[in-house]
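Visitor:
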Amino acid sequence: MQISTRHHDKVTIFDLSGDIDFANSPELRHSVLREIQENRPPRVVIDLSKVHYIDSSGVASLIEGLKASRDLGSRFILFGLSTSVREVLQLSRLIKVFEVCDNEEQALAV
Amino acid sequence: MTVPLTSMAMDKPEWLTSMEAVLEVLNEGVVITNEHEQILSVNSRFIEMTGIPRQDLTGSYASQFYSPEEWDFVARQINAGFQHGQNRYAFVLPQKGGGRLPVIISSRALVNSGRQFGIVTFTDISEQVRAAEELRSANTRLQKRQMEIEEDLRLAARVQRSLAPKSLVWNGLSIDSFFHAVHSVGGDFAVVNSKDGEHVSLLVCDVSGHGIGSALVANRIYSETTGHLRTGMPFIDMFAQLNRFLLEDIDAGMYITVAAASIDTHLHRMVFAGAGHPPAMLVRRGQSPLLLESRSAILGVLPDAVDTTPSLELQLEPGDHIVLYTDGITEVFNSKGEMLGIEGVREIVRQTSALPSEEMKQGILDGVAAWRSGPPSDDVSLVLVHVR
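Heads up: the sequence lines are chains A and B, in that order. With positions in the first sequence counted from 1, the corresponding number in my numbering is that position plus 1. With positions in the second sequence counted from 1, the corresponding number in my numbering is that position plus 297.
1) Enumerate in chain order the residues of its own chain whose CB-to-CB distance from F23/A is below 7 Å, with the five nearest sequence positions on each side excluded.
2) Would you mind giving the Cβ-Cβ distance between S5/A and D16/A, rounded to the nearest angstrom? I have them listed as a contact below 8 Å.
3) Of all Cβ atoms in chain A, is any one closer than 8 Å to the Cβ of T649/B?
4) Who does L398/B pair with in a DSSP beta bridge?
5) Among the candidates T649/B, V684/B, L621/B, whose CA atom is the shortest distance from the CA of V677/B?
6) Within the stretch 514-601 of chain B, note down every full beta strand (DSSP E) run reaching 3 residues or more, in order along the chain.
7) Taking Cβ-Cβ distances shorter than 7 Å, what residues in chain A pair up with V628/B?
8) Mind listing the chain B neighbours of H53/A? Cutoff is C-beta to C-beta under 8 Å, in chain order.
9) What three-state label does DSSP hand H381/B in the structure shown?
10) Please decide whether Y552/B counts as near chain A, where near means a Cβ-Cβ distance under 8 Å.
11) For the candidate residues G524/B, R592/B, L613/B, whose alpha-carbon lies nearest to that of K97/A?
12) With 8 Å set as the bound, which would you pick, yes or no: does the beta-carbon of I661/B sit closer than that to a beta-carbon of chain A?
13) Spell out whether any CB of chain E is found under 8 Å from the CB atom of A69/A.
14) Comparing the C-beta of L599/B with each C-beta of chain A, is any distance below 8 Å?
15) What span of residues does the alpha helix (DSSP H) with T623/B cover, start to end?
16) Does the distance from the CB of V497/B to the CB of L470/B come in under 8 Å?
17) The alpha helix (DSSP H) spanning D103/A covers which residue range?
18) Hey, out of G508/B, L323/B, L652/B, whose CA is closest to D617/B's CA?
19) Of all the CB atoms in chain A, is at least one closer than 8 Å to the CB of G638/B?
20) I need the straight-line Cα distance from L613/B to Q659/B, nearest angstrom please.
21) By the 10 Å Cβ neighbour count, where 16 or more other Cβ atoms means buried, how is L90/A classified, buried or exposed?
Shown next, in the form of structure tokens:
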């Protein structure tokens, strides 16, 4: 998995690529939580369009980011879910707790 | 054999006299010998390394300082040096008092004015040898510790295997199970028990991660769930308690997915509930397997993970199969990177559903293995119930 960060106005966008699994999900959790706690962006957007696979530990890392954002009154939005990523989120019954958009334009506009 | 000392043999050639000053500044011991291995000259560093005074060295034969066995080896090396013009090998340098200094010996043959000389340098490697011995000793200690850890893990694996239900037949139900941890121990477990002899409870649980941490949490959750199942606690209450337990008591970022079923063996009624778990399957002859979806979310990440609507209730029929499993069955990739997924497993289950229970279980495992490229990367649990 690779993580890169962009800043767009007051939005932080995390571009993720590769597979997110138990081996690297702590790195994702650490990066997202550090950004939220240190810079307190009003909106965090996670670009999953280049993520082929995410396991339940990766989903849990996203939940950690969601909880930290909610604590600070920020929004936490996902976009670009592939079929397999969407399936894992649906199976874990957590897709409903996230704001999910189809693309970056929507994620920045909603 | 020593050769009688002759004045000619002991004559110091002119080039050697001019070279001795250069040899004195070297950090390596240097010995110049004639063709009879008789020492013509040594530098100060060599004297320092051996502790033997210069006058005792000059004119002596190298063989005098070694034991016969040692000299046998050194003589062979000297011959090789003269044959090939040079040689380099690790050995020891005799010291005053009988000590032996580990050294690298480099020898070079030199022919001058029809005479043959040997220029031999000795590099002290006692530090390296000591470091290597310390490393060997540390390796031995590590290997011993590793063996102790492996023994502990073997014991832990035996304990964890005891958490996997045995295949059994109970009041018209036959239950087959399979469990495989990707490491010695893992985070999957399954429970089959009964609160009163009439109701059979089934539960498959996947604790996040693999290895010792997951196995420890799996054991704690196992104790909690078996207690709850024996009291007949409704599944949504049990999930709520497990969720609280994970968030408040474990609080280590661990979470679980669960599928649970309770079957009334007389009325053939089944109650099912899942939390963030891949759907269980109800397989009825001639029909596509029915997916029994989780209504609650993964436990251990959100306080409101549990769906409070009543658990799913189903009427079972003779010949039905119920398949419970963990994501080690579905999240399996082929060589093209395609995931088997729920639909892939559903198709394997459909294809094997006409087989006897034990063969159906093996058929499902074989189908998953056929899809998978490489060894398993996740723990795998499979419980198969056949209603007779």
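From the three backbone atoms N, C-alpha and C, an ideal C-beta is built for every residue, glycine too.
Guide: Looking at the atomic coordinates:
1) Contacts found: D56, S58.
2) About 5 Å separates the beta carbons of S5/A and D16/A, which is inside the 8 Å limit, making them a contact pair.
3) No, its Cβ sits nowhere closer than 8 Å to a Cβ of chain A.
4) L398/B pairs with L390/B.
5) When each option's Cα is compared against that of V677/B, the closest is L621/B.
6) Counting whole runs of 3 or more residues, the stretch 514-601 of chain B contains the beta strand (DSSP E) stretches 553-561, 566-572, 577-580, 587-589.
7) Per the sequence shown, the amino acid found at residue 628/B is Glu instead of Val. Under the 7 Å cutoff, chain A gives D56.
8) Near H53/A (Cβ distances below 8 Å), the residues of chain B are G634.
9) Note: H381/B maps to helix in three-state DSSP.
10) At least one chain A Cβ lies under 8 Å of Y552/B.
11) The shortest C-alpha separation from K97/A is found at R592/B.
12) Not an interface residue.
13) Of the protein chains in the structure, A and B, none is chain E.
14) Chain A contact via Cβ: present.
15) No alpha helix (DSSP H) contains T623/B, which DSSP labels as neither H nor E.
16) Judged by their CB atoms, V497/B and L470/B are nearer to each other than the 8 Å cut-off.
17) Per DSSP, D103/A is not a residue of any alpha helix (DSSP H), being assigned neither H nor E.
18) The residue with the shortest Cα to Cα distance from D617/B is L652/B.
19) Answer yes: the Cβ-Cβ gap between G638/B and chain A drops below 8 Å somewhere.
20) For L613/B and Q659/B, the distance between alpha carbons rounds to 23 Å.
21) Burial call: buried.
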